[in-house]
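Protein chains in written order, with my numbering: chain Z, 192 to 386; chain Y, 805 to 1380. Written out below as structure tokens is the structure these notes cover.
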């Protein structure tokens, strides 16, 4: 239930923090556009976005991270749920989900030859070496974790020289007992399709 | 014998082979479409070619601009409760629909727009008259879909009508590529009854009803605010019954207007910026605010931080995204207005709130004396807009469909027409589209030919879509057209006067001779300048069996009062 205080003049003082929106949808062309313009309209920046399959065939899953107030996040989520092709849209605080991002770090083999401690640093951060062809001039490291820990490794490696760094958007699963297949069954049999 | 029967069964189950264009027309016929407003062009020509063979089954009206087509479809939908349909070609044809699509979206109007599109192999190539209309229209459509495979047409059209009409209605756009129109395909139609990702009719909970009933039964100063949701869910009778059983005064949003007769003793008037004095002041005095099928638009609420803060709010609303959007609901009831009202009627206690209602009447007296009487019955000076509307109201017995444009004349028409029938007020509320009235009136008259339909515009708005006089002329549509001519963009001028130190920046209009223009379209017309000619001229217009244009030259610098200045609290409404 929403706290009434967010609809008073204190609105502006409301805390800005991270929210994760998890969307289940049909796999339809242009839906990503329909979703992103809802954020654009309210001038909310998308921190990260990920689209993928879900555990149910044909059902797509978006994970979107935004930094905003609780009241804004709630309004945006309701607008998303209103889209015809969206099956459901959930709003999560950080402590309601398990989440990860995947990061890749590319470093020249020459640098690693001169600075072998890089391998220890990478191991200590829980990253691993991705197998590449032997004649490549670089080594690829892969690390899964939250944004902060992935950034921390980047910072450690930056002193030696990182030629490329990339991170995926956040993916998350909720701590709730919700199951997509149960939700689909409810939607397919609900009496909300007519008066 | 058995084989005969089997043969017959096989024959009836045989699926018809048609072109995509014909599949579209057949689909529209399956949905019961009787009238299409449209404008042909290259990318939609196969559909028009198919339409040629079905002229005896469906009525197509050639408008003079695509904006006219969509507004006519809106007027048709609003007057009849059916789905309005319009056709346009690709590129500029499609983009010309956008203003009306956006208008239909914000005013919850069920329309299905069919646009032609360049052949699919040219998509994305900047081909002649190509535009990505689906993407452009995304923010202003309830749903949109591009068809490139003609086999999809029946299913998509069925889905389009279901989505446009159900729940909170809205515009749906179906864009069909030219190759899909000319390819052969099978035709088998089945109406859409469910889209699993779309749940248009949420059901209320027993608990929310009980909470609402308790608040309503114990309220000392309850107040109902109702909107178009009442009309869309066809809950006019239920609203009246609920109001009468509980004795609660009710105020209306401009889209809710005509859901209850204007002169019902418990109908206490218009809410918001140019609404009536009492309902605005009393919003900040009531103890329970019961909102029915309305969305707390900023023109209704004024400053939200000073809107009904003292009241417990019950919000009956079918669109979940509207609940807690602007005003916090202590008791949200996310469901269809008619269903909820029926339930509430059966559970609330019969009641009356005579002294509370009297407080409204007392404030009314002030407004009548200071504003309404001098505006509607002026003794001298130039003709006033309010007296024109009063006379139209009296002479038409409050029985006409009034289609208004946007601006001063619109507020005046809402305030002073005495509506007796439901679905009689058609206006561009949320979007405020100037030029809406004339084409929408065409749609309303086509939908309800037996009713008197009067388009009321200002001189500014009329000139935005006056080309639709051509449509009126060609199809002999007997709509009545009133222009309240003050030679100004009146509402903007009013704001310039009140908030910009009378710096009348580009609001004065040097107008053409509207009578000559009407005559060019063979439409009977008259200009009125003097008060003594007004009543007889309006009578002539109303009595005319054909279309008729009446230009009334009114006071140039008239203002609409009362007024809640923007950003102000509704209770700080000004009478002058």
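Glycine residues also receive a C-beta, built at the ideal position from the N, C-alpha and C atoms. Note that the coordinates shown come from a computational prediction; the quantities given were computed from them, not determined experimentally.
Strictly by DSSP, which residues pair up with residue 1026/Y?
In the second chain, the residue the question calls residue 1026/Y occupies position 222. 1092/Y.
Which bits of chain Y does residue 379/Z rub up against, with CB to CB less than 7 Å?
Locating residue 379/Z in the first chain gives position 188, where the first residue counts as 1. Within chain Y, the residues near residue 379/Z are 1000.
Given residue 194/Z, which residues of its chain have a CB within under 6 Å of its CB, disregarding the five upstream and five downstream residues?
What you label residue 194/Z is simply residue 3 of the first chain in a count that begins at 1. Unreliable placement is indicated for residue 194/Z, whose pLDDT of 49 sits below 50; the coordinate value is still reported in the next sentence. The answer is none, since no qualifying residue turns up.
Answer yes or no: do residue 386/Z and residue 1098/Y have a C-beta to C-beta separation smaller than 8 Å?
As a working mapping, residue 386/Z is identified with position 195 in the first chain. As a working mapping, residue 1098/Y is identified with position 294 in the second chain. Contact: no.
Within 10 Å of its beta-carbon, does residue 979/Y have 16 or more other beta-carbons around it, so buried, or fewer, so exposed?
Position 175 of the second chain holds residue 979/Y. So residue 979/Y counts as buried.
Could you tell me if residue 232/Z is buried or exposed, where buried requires 16 or more neighbouring beta carbons within 10 angstroms of its beta carbon?
One-based indexing of the first chain puts residue 232/Z at position 41. With fewer than 16 Cβ atoms within 10 Å of its Cβ, residue 232/Z is classed as exposed.
By Cβ distance below 6 Å, which residues in the same chain neighbour residue 996/Y in space, the five residues on each side in sequence not counted?
Within the second chain, the letter at position 192 stands for residue 996/Y. 962, 963, 966, listed in sequence order.
Inspect the beta-carbon positions of residue 1157/Y and residue 1069/Y and report whether they are closer than 8 Å.
Position 353 of the second chain, counting from 1, holds the residue named residue 1157/Y. Position 265 of the second chain, counting from 1, holds the residue named residue 1069/Y. Taking 8 Å as the Cβ cut-off, residue 1157/Y and residue 1069/Y do not qualify as a contacting pair.
First and last residue of the alpha helix (DSSP H) that includes residue 1318/Y?
Indexing the second chain from 1 puts residue 1318/Y at position 514. Taken as a continuous stretch (DSSP letters only), the alpha helix (DSSP H) holding residue 1318/Y covers 1318-1324.
Spatial neighbours of residue 1338/Y within its chain, please: C-beta separation below 8 Å, excluding the five flanking residues on both sides.
Within the second chain, the letter at position 534 stands for residue 1338/Y. The answer, listed in chain order, is 1187, 1191, 1192, 1195, 1332, 1356.
Based on the DSSP secondary-structure assignment, which residues constitute the bridge partners of residue 979/Y?
Counted from its first residue, the second chain places residue 979/Y at position 175. Residue 979/Y is bridged to 919/Y, 950/Y.
Three-state secondary structure (DSSP) at residue 289/Z?
Translated into the one-based positions of the first chain, residue 289/Z becomes position 98. Reduced to three states, the DSSP call for residue 289/Z is strand.
Nearest by alpha-carbon distance to residue 1065/Y: which of 1228/Y, 1208/Y, 1162/Y is it?
As a working note, residue 1065/Y is residue 261 in the second chain. It is 1228/Y.
Does the beta-carbon distance from residue 176/Z to residue 1001/Y come in below 8 Å?
A query on residue 176/Z cannot be resolved here, the shown segment of chain Z reaching from 192 to 386 and no further.
Mind checking if residue 1251/Y is an interface residue toward chain Z, Cβ cutoff 8 Å exclusive?
In the second chain, counting from the first residue as 1, residue 1251/Y sits at position 447. False, the Cβ-Cβ gap to chain Z never drops below 8 Å.
Tell me the DSSP bridge mates of residue 336/Z?
Translated into positions along the first chain, residue 336/Z becomes position 145. In DSSP, residue 336/Z forms a bridge with 292/Z.
Counting only Cβ pairs nearer than 7 Å, list the residues of chain Y close to residue 277/Z.
Numbered from 1 along the first chain, position 86 holds the residue referred to as residue 277/Z. Under the 7 Å cutoff, chain Y gives 1001.
Taking 8 Å as the cut-off, decide whether the C-beta atoms of residue 294/Z and residue 343/Z are in contact.
Indexing the first chain from 1 puts residue 294/Z at position 103. Indexing the first chain from 1 puts residue 343/Z at position 152. Cβ atoms of residue 294/Z and residue 343/Z: not closer than 8 Å.
Complete alpha helix (DSSP H) runs within the stretch 1295-1355 of chain Y (minimum length 4 residues, chain order)
1318-1324, 1335-1347
Could you check which residue in 985/Y, 977/Y, 1090/Y, 952/Y has the C-alpha nearest to that of residue 1019/Y?
On the second chain, position 215 is the one that residue 1019/Y refers to. Nearest option by C-alpha distance: 1090/Y.
For residue 955/Y, I'd like the list of residues in its chain whose CB is within less than 7 Å of its CB, leaving aside the five on either flank, ordered along the chain.
As a first step, residue 955/Y must be located in the second chain, where it is residue number 151. Correct list, in chain order: 989, 990.
Closest to residue 871/Y by C-alpha separation, out of 1262/Y, 836/Y, 1241/Y, would be which residue?
Taking the first residue of the second chain as position 1, residue 871/Y is located at position 67. Checked all of 1262/Y, 836/Y, 1241/Y; the closest Cα to residue 871/Y is 1241/Y.
Against chain Z, does residue 953/Y count as a neighbour if the rule is that its beta carbon must be under 8 Å from one of theirs?
Position 149 of the second chain, counted from the start, is the residue given in the question as residue 953/Y. No, residue 953/Y does not count as interfacial toward chain Z.
Which whole runs of the beta strand (DSSP E) in the stretch 1099-1149 of chain Y are 3 residues long or more, in chain order?
For the stretch 1099-1149 of chain Y, whole beta strand (DSSP E) runs of length 3 or above, ordered along the chain, are 1116-1120, 1135-1137.
Whole-number beta carbon distance between residue 1300/Y and residue 1309/Y, since they are thought to touch under 8 Å
Numbered from its first residue, the second chain carries residue 1309/Y at position 505. Numbered from its first residue, the second chain carries residue 1300/Y at position 496. The C-beta distance from residue 1309/Y to residue 1300/Y rounds to 7 Å, short enough to fall under 8 Å.
Helix, strand or coil: which one does DSSP assign to residue 818/Y?
Position 14 of the second chain, counting from 1, holds the residue named residue 818/Y. The answer is coil: DSSP assigns residue 818/Y none of H, G, I, E or B.
What does residue 1140/Y reach in chain Z if we use C-beta pairs closer than 7 Å?
What you label residue 1140/Y is simply residue 336 of the second chain in a count that begins at 1. Simply 386.
Near-chain Y residues of the stretch 213-234 of chain Z - C-beta to any C-beta below 9 Å
215, 216, 217, 219, 220, 221, 224, 225, 228, 229, 231, 232
Output needed in chain order: residues of the stretch 322-342 of chain Z with a Cβ under 9 Å from some Cβ in chain Y.
none
Neighbour flag for residue 382/Z against chain Y, beta carbons, 8 Å
Position 191 of the first chain, counting from 1, holds the residue named residue 382/Z. For residue 382/Z, the answer is yes, since a Cβ of chain Y falls inside 8 Å of its Cβ.
Output needed for residue 222/Z: all residues of its chain with C-beta closer than 8 Å, excluding positions within five of it in sequence on either side, in chain order.
Sequence index remark: in the first chain, residue 222/Z carries index 31 (1-based). Closer than 8 Å at the Cβ level, and outside the excluded window around residue 222/Z, lie 216, 251, 274, 276, 277.
Short of 8 Å Cβ to Cβ, which residues in the stretch 241-272 of chain Z face chain Y?
Look at the stretch 241-272 of chain Z: the residues with a C-beta under 8 Å from a C-beta of chain Y are 265, 266, 269, 270, 272.
Can you list the alpha helix (DSSP H) stretches of 4 or more residues lying completely in the stretch 839-899 of chain Y, in chain order?
For the stretch 839-899 of chain Y, whole alpha helix (DSSP H) runs of length 4 or above, ordered along the chain, are 849-856, 870-884, 896-899.
Looking only at C-alpha atoms, which of 1030/Y, 928/Y, 918/Y sits nearest to residue 949/Y?
Looking up residue 949/Y in the second chain gives position 145. The option with the nearest alpha carbon to residue 949/Y is 918/Y.
Contact check, residue 393/Z vs residue 348/Z, beta carbons under 8 Å:
No answer is possible for residue 393/Z: the residues shown for chain Z start at 192 and end at 386.
Give the C-beta separation of residue 1136/Y and residue 1128/Y to the nearest angstrom, bearing in mind that I take them to be a contact with Cβ-Cβ under 8 Å.
For the purposes of this step, residue 1136/Y is taken as residue 332 along the second chain, with counting starting at 1. For the purposes of this step, residue 1128/Y is taken as residue 324 along the second chain, with counting starting at 1. That pair is a contact at about 7 Å.
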